[in-house]
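Residue numbers for the sequence shown follow the working numbering, beginning at 170 and rising by one. For every residue, glycine included, the Cβ atom is placed at its ideal position computed from N, Cα and C.
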Amino acid sequence: MKKIAVVTSVCLAMGLLSTQTFAQSGKPVFVAPVGVEGYTFRSSMPKATIAVLDTIKSMGITELEGEGPKGMPPEEFRKLCNERGITIPSIGAGYDDIVKSPGDVIKQAKILGANYVMVAWIPHGKEFTIDDAKKAVADFNRVGQILSEAGLTFCYHNHGYEFGAYEDGTLFDYIAKNTNPKYVSFEIDLLWSFHGGQDPAKLINKYPNRIKLMHLKDIRKGVANDLTGGTDTKNDVALGTGQINIPEVLKAARKAGVKHYFIEDESPSYATQMPVTIAYIKSLKY
Numbered sequence: 170m171k172k173i174a175v176v177t178s179v180c181l182a183m184g185l186l187s188t189q190t191f192a193q194s195g196k197p198v199f200v201a202p203v204g205v206e207g208y209t210f211r212s213s214m215p216k217a218t219i220a221v222l223d224t225i226k227s228m229g230i231t232e233l234e235g236e237g238p239k240g241m242p243p244e245e246f247r248k249l250c251n252e253r254g255i256t257i258p259s260i261g262a263g264y265d266d267i268v269k270s271p272g273d274v275i276k277q278a279k280i281l282g283a284n285y286v287m288v289a290w291i292p293h294g295k296e297f298t299i300d301d302a303k304k305a306v307a308d309f310n311r312v313g314q315i316l317s318e319a320g321l322t323f324c325y326h327n328h329g330y331e332f333g334a335y336e337d338g339t340l341f342d343y344i345a346k347n348t349n350p351k352y353v354s355f356e357i358d359l360l361w362s363f364h365g366g367q368d369p370a371k372l373i374n375k376y377p378n379r380i381k382l383m384h385l386k387d388i389r390k391g392v393a394n395d396l397t398g399g400t401d402t403k404n405d406v407a408l409g410t411g412q413i414n415i416p417e418v419l420k421a422a423r424k425a426g427v428k429h430y431f432i433e434d435e436s437p438s439y440a441t442q443m444p445v446t447i448a449y450i451k452s453l454k455y
């Protein structure tokens, strides 16, 4: 991705917003800093890191979740972000990496200045089972304590497959009930919560003290829910244009005290969709 092309796309998208009508009265619903999940730029960040960070800055984004491109020392990536007024409150880590080498993950988080470490996938077979959940609970409690003692907060990022039925709730409920709140928190992904059959606002209201981070995502109208934890990336759409009740989600999140919000747009159209998302969330009023 070349900087000029991306910035042009952003400006064109911003121009289109003038023809859209958003609520204009009352106090704003969304008052947090605007953040972005680095995975949004997974194709362009490794090739043009500086151009991407300049584009992020141009959109008014001041927080980034991610570790930077592979091969770039974390010290260098943090310096590039700092020069643009972008902080890194949270990083991601693979399940095996954090289970086997939590010390390495802690070191990386500290260098980048992060306070949160999230894991976004629990290894499992065709279906996510109670045995998978039980193993994750044990691993999360252990790793969460190690991170806590290092001054970091561990978060599990849901991916949809955890919402299969179990006893009087779901496997996600089992994980939430059996992990120690002192050591294990959550990052709620709106698209994957909805795709797994949940109402994201109700999920936040159910676990208000556990959810610290959020991935802001919406899913295309007409896409059916399932427990696969996967859908076509083209089904990621700008917030407010899909199936999720974003105003209710943001109200619930603000009430719950969610700490950081990261836009994650996996669509090939992210460059034009992200400005629409930003303008939409900033337009919402009580």
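I need the straight-line Cα distance from asparagine 394 to tyrosine 439, nearest angstrom please. 22 Å
What separation, rounded to the nearest whole angstrom, lies between the Cα atoms of asparagine 284 and valine 406? 29 Å
Which residues in the same chain as phenylalanine 355 place their Cβ atom closer than 8 Å to its Cβ, once the five residues preceding and following it in sequence are excluded? Cys324, Tyr325, His326, Asn327, Ala345, Tyr376, Arg379, Ile380, Lys381 and Leu382
Give me the Cβ distance between isoleucine 255 and lysine 226, rounded to the nearest whole Å; I'm assuming they're in contact under 8 Å. 7 Å
If contacts are defined as beta-carbon pairs under 8 Å, then phenylalanine 309 and threonine 348 qualify, I think. What distance do you get, rounded to the angstrom? 5 Å
Measuring CA to CA, which of Glu252, Lys269, Leu453 and Lys403 is closest to serine 436? Lys403
Roughly how many angstroms separate the alpha carbons of glycine 261 and leucine 453, rounded to a whole number? 29 Å
On the DSSP bridge assignment, give the partners of serine 212 in chain order. Paired residue(s): none; serine 212 is not in a bridge.
So what does DSSP say about glutamate 417, is it helix, strand or coil? helix
Distance check for leucine 222 and arginine 247, CA to CA, integer angstroms please. 11 Å
Alpha-carbon to alpha-carbon, proline 369 and valine 205: 19 Å
Measure the C-alpha to C-alpha separation of threonine 410 and threonine 218 and round it to an integer number of angstroms. 29 Å
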